[in-house]
Amino acid sequence: MASAARARRKKPRYRRIILKISGEALQGSQPYGIDIDAAYSIAEEIKEICEMGVETAVVIGGGNIFRGGEAATKGIEQSTGDYMGMLATVINALCLQVVLERAGVPTRVLTAISMQQVAEPYIRRRAIRHLEKGRVIILAAGTGNPYFTTDTTAALRAVEIDADVIFKATKVDGVYSADPHRVKNAKRFKMLSYRDVITRELKVMDGTAVTLCRDNKVPIVVFNIWKKGNIKRAVLGEAVGTTVGNI
Ligand code: UDP
81 MASAARARRK KPRYRRIILK ISGEALQGSQ PYGIDIDAAY SIAEEIKEIC EMGVETAVVI
141 GGGNIFRGGE AATKGIEQST GDYMGMLATV INALCLQVVL ERAGVPTRVL TAISMQQVAE
201 PYIRRRAIRH LEKGRVIILA AGTGNPYFTT DTTAALRAVE IDADVIFKAT KVDGVYSADP
261 HRVKNAKRFK MLSYRDVITR ELKVMDGTAV TLCRDNKVPI VVFNIWKKGN IKRAVLGEAV
321 GTTVGNI
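Here the sequence shown is numbered in the numbering used here, starting from 81 and rising by one per residue.
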């Protein structure tokens with residue numbers, strides 16, 4: 081049986097999701113920028129969940145191209161660096177749009193910084209309408225404000241559009257007690273409370289994002305995007321990675 085038909089048969093746990101993809105995920109094996117093959121494989125994974133009828137809003141990062149915080153350490157004033165970072169997310173959003181549409185997934189890019197020749201402006205009710213019509217929306221330019229991150233954007237948009245969950249796609253299998261690349265016995269958590277994440281300063285998302293999720297009861301699932309089928313498994317409610325919520 082074709083995988084698309086199989087995917088349709090299983091009932092997703094979530095009706096509407098925010099999928100946060102970092103710029104690094106688009107970077108793939110490249111030292112900088114975009115690895116187009118990595119982008120194509122992410123598109124295929126997103127396609128699978130769309131075929132299950134899940135309304136999907138993607139928040140894309142820009143760290144593969146530019147990060148305002150890093151630039152600030154080298155003399156670029158933070159706000160300017162942050163705007164540069166936000167523009168980097170627009171480049172990534174356009175790339176994601178192309179690969180998704182090549183895979184046959186209808187999309188719209190909505191940007192928090194107006195650039196009418198490039199993409200639609202982010203308007204909450206319009207974003208929801210696109211989702212209802214089965215389009216994947218790609219949210220570019222973060223919140224539109226410096227001193228924030230695309231993680232906080234994911235939390236903010238999740239609350240605004242009434243998403244059931246945030247999927248934070250990373251390159252590790254979830255949240256660990258220490259950096260698993262450096263500490264051999266680092267333990268992976270299956271479940272965490274928002275309070276655990278905040279008080280133990282665990283690296284899930286930045287503090288603003290986690291607080292916003294806590295205050296508005298939006299669960300966060302952190303998982304490895306490089307494991308094929310993980311986005312689909314997460315959508316089906318299978319145990320992937322680490323879930324942060326009210327426990
Ligand atoms: N950024 C910002 N405001 C936002 C979102 C992003 O100023 O609302 C800037 C910030 O400089 C950040 C960069 O855009 O470093 C890229 O975003 P982020 O670091 O969140 O990308 P990721 O790490 O997910 O690739």
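Don't be surprised by glycine CBs; every beta carbon is placed ideally from N, CA and C.
Predicted, not measured: the structure shown is a model, and the values here were computed from it.
If we count the other Cβ atoms within 10 Å of its Cβ and call it buried at 16 or more, is Thr232 buried or exposed?
-> buried
Going by DSSP, name the residue or residues bridged to Arg204.
-> DSSP output for Arg204 lists no bridge partner at all.
Cβ of Ala137 within 8 Å of Cβ of Ile300?
-> no
Buried or exposed: Tyr112, going by 16 or more other Cβ atoms within 10 Å of its Cβ?
-> Classification of Tyr112: exposed, given that the 10 Å Cβ count is below 16.
Cβ-heavy atom distance between Pro226 and the ligand UDP below 7 Å?
-> yes
Cβ pair count under 8 Å reaching 3, the segment 101-108 against the segment 141-158 = yes
By a C-beta neighbour count over all protein chains shown, 10 Å radius and 16 as the cutoff for buried, is Ile114 buried or exposed?
-> With 16 or more Cβ atoms within 10 Å of its Cβ, Ile114 is classed as buried.
Among Gly184, Lys312, Ile116, nearest to Arg215 - alpha-carbon criterion = Gly184
Return yes when the C-beta of Glu157 is under 7 Å from any heavy atom of the ligand UDP, and no when it is not.
-> no
Sheet register partners of Ser273 (DSSP bridge) | Gly325
Mind checking which residues open and close the beta strand (DSSP E) that includes Lys100?
-> Following the DSSP letters along the chain, one finds Lys100 inside the beta strand (DSSP E) bounded by residues 96-101.
Cβ of Gly113 versus every heavy atom of the ligand UDP: is any distance shorter than 7 Å?
-> no
How close, in whole Å, do the beta carbons of Val302 and Lys267 come, if the pair is a contact with beta carbons under 8 Å?
-> That belief does not hold up - the Cβ atoms of Val302 and Lys267 are roughly 14 Å apart, past 8 Å.
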